[in-house]
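In this note's numbering, the protein residues as written are -9 to 329.
Have a look at the structure below, then the notes.
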Amino acid sequence: MKEQLASVKKEFEAQLKRVSDLSQLEELEQTFFGRKAGAFTNLAKQMKDVAVEQKKAIGEMMNEVRTNITKELEEKRADLQREEMKKIVDIESIDVTQPQLPKEEHGHIHPMAQGLKDMTDAALAMGFLVEDGPELESQYFVFDSLNFPPDHPAREGMDTFYVKDHPELCMRAHVSNMQVRLMRKYSEGGTKPMRAAYPGRVFRNEDIDATHEHTFYQFEALAVSKDINIANLIAVMKEFVSSLYQRDVEIRFRPGYFPFVEPGFELDIKADIGRGEEWIEMAGCGLIHPNVLKEAGYDPNEWQGLAFGMGLNRLIMVKYGIEDIRHFQSGDLRFLKQF
Ligand code: FA5
């Protein structure tokens, strides 16, 4: 019995050395301590056949071997668990000390989108509603509602694109198509003051060059109340310009003609966009013509309004020093990646 115990112990230790993971350790445990056929279990079962005078000594030896084997098993289990945990940590951990993570390519906000956002934020801060409008529009809202007499030469300056077999429709040549729509929508039948801004895309049948596109953005706003004057118009426009540029820019107003304002002006900004310093035409503006107020449902003897429409592409060209308006729609990544 003693020899058998010694050889079980020896065999156990030899096999234990070859164990390299937890499932092998489990198998080993079964081989020696399995309830039915474990080598050590079998020996323990033979205790009942041991002669009485040897029982005590063999029993002590058996306990000692069991204690030793169990201890070695547990130590091995702890070692293996530590190793497995280390493997998981190595695989799953994030090394926060890594000096430079791989560079990811992010997209860019298009300068036009940024400009639209800056202007819209300024409008909201000044209490203007911000609205969108249709690009394909009836000629009534683009021209007739705005006091353009039929066949007036002013229509030619805003020549646009028309739809075959639908003479009443055109692509809007300016966002002023929203003036009468919005005044009707918010004035409650010509009884309430209102303020609205309406940026958007406009279209013109135009000779293209560095400052003229066939498709470009305008940012327009209007305000109607009972005590509006030119000083208000100038103050509001200056506020928009300084919100966009966040720096001083030199501006000038000069008289301009638009059938829907009286008096009318144009706003220029002095800038160098690569051709030397020059005055660049940025906006048309004025006090809303009485005929337009009337068309929208206001009594022009009681109400006055201001309106201005800015060329957003040109404003942004000055902001970033973009020398050619055609870059905006070119899709050229060399341009886009600069923003
Ligand atoms: C208008 O479109 C008027 N609706 C502006 C207005 C609104 C006047 C409210 C009065 C009251 P104009 O055609 O000048 O006006 O265009 C306004 C601005 O759009 C110009 O100052 C210019 O900055 C820009 N713009 C005009 N044509 C082009 C073009 N082809 N390409 C790029 N920008 C242009």
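Each residue gets a CB set at the ideal place from its N, CA and C atoms; glycine is no exception.
Treat the numbers as computed from the prediction; the structure is a model and nothing was measured.
- Here Gln208 is near Val192, since their CB atoms are less than 9 Å apart.
- Inclusion of Lys216 and Ile241 in the CB contact set at 9 Å is not warranted, their separation being larger than that value.
- Gly299 is classed as buried because its beta carbon has at least 16 other beta carbons within 10 Å across all chains shown.
- In this structure, the CA atom of Gln5 is about 38 Å from the CA atom of Asp85.
- Sorting Glu252, Trp293, Pro189 by C-alpha distance to the C-alpha of Met102 places Pro189 at the top.
- Secondary structure at Tyr152: strand, using DSSP grouped into helix, strand and coil.
- The beta carbons of Gly276 and Pro253 sit about 6 Å from each other, so the pair counts as a contact at 8 Å.
- The Cβ atoms of Arg174 and Gly266 do not sit closer than 9 Å to each other.
- Taking the C-beta atoms as reference points, Met(-9) is found no nearer than 9 Å to Gln20.
- Taking a cut-off of 8 Å on C-beta distances, the stretch 45 to 59 touches the stretch -7 to 2, as three or more cross pairs fall below it.
- If you check the C-beta of Ser215 against the ligand FA5, you find no heavy atom less than 8 Å away.
- In this structure, Met173 has its CB at a distance of at least 8 Å from all heavy atoms of the ligand FA5.
- Secondary structure note for Ile270: its beta strand (DSSP E) is the uninterrupted segment 267 to 278.
- Straight through space, the alpha carbons of Ala144 and Ile270 are spaced by roughly 21 Å.
- In this structure, DSSP gives His317 a helical state, which the three-state scheme calls helix.
- Just measuring C-alpha positions, the residue of Pro290, Val308, Val170, Met109 sitting nearest Asp238 is Val308.
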